[in-house]
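FYI, in the working numbering the residues of the sequence shown are 7 to 144.
Working notes, beginning with the structure itself.
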Amino acid sequence: MSLSHVLLRIPLAVVFLQQGLSKFPVDPAVGAAFGLPLLVWWVVCYGEIAAGAGLLIGALATIPRVRDIPLAAELGDFITRISGITMCCVITGVIWVVIKPVSLVQFVLHDNLHLFLWVGGLYFGLRGNWAVAIQKKR
């Protein structure tokens, strides 16, 4: 079994946890500075923390003894996918609301951090723990 996915999960989780925790306590004035209503700002703050924690929790389901627990592999896969989708949603909002790139080419060439965070979220949103869940079924 390969644990190479952990090398992708840890940096993504650390960035999202750090960014989410830096927004606490949730202040409506900070969200208003970005032009966001309180509800959207609240979802962003808690979404970043939930996505980062979800990636780490999903990784736990890939440990051989844990994945043998009934439904643990499937639950870990689900948590990983939801976390990846949440990451894509948050980063898409950052790109549209804060960065506002003139074109896709400008964004790809000049904002590598957000591009890589978005692609990492997309990877885990589409892949999940699929390989681990398939190994368990064999």
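Glycine included, every Cβ here is placed at the ideal spot set by N, Cα and C.
The beta carbons of LYS29 and VAL36 sit closer together than 8 Å. Contact between PRO34 and LEU27 is absent: CB atoms are separated by about 18 Å, not below the 8 Å threshold. Shortest Cα-Cα distance from ILE16 to any of GLY126, ARG133, LEU132 and TRP136 involves GLY126.
For LEU14 and CYS51, the gap between their C-alpha atoms comes out near 22 Å.
Minimum Cα-Cα distance from LEU62 among the listed residues LEU81, VAL46 and ALA38 corresponds to LEU81.
In this structure, MET93 places its C-beta atom within 8 Å of the C-beta atom of LEU123.
For the region 93-141, the continuous alpha helix (DSSP H) assignments of 4+ residues that do not extend past its boundaries occur at 110-116 and 118-133, in sequence order.
With fewer than 16 other Cβ atoms from the protein chains shown falling within 10 Å of its own Cβ, ASP74 counts as exposed.
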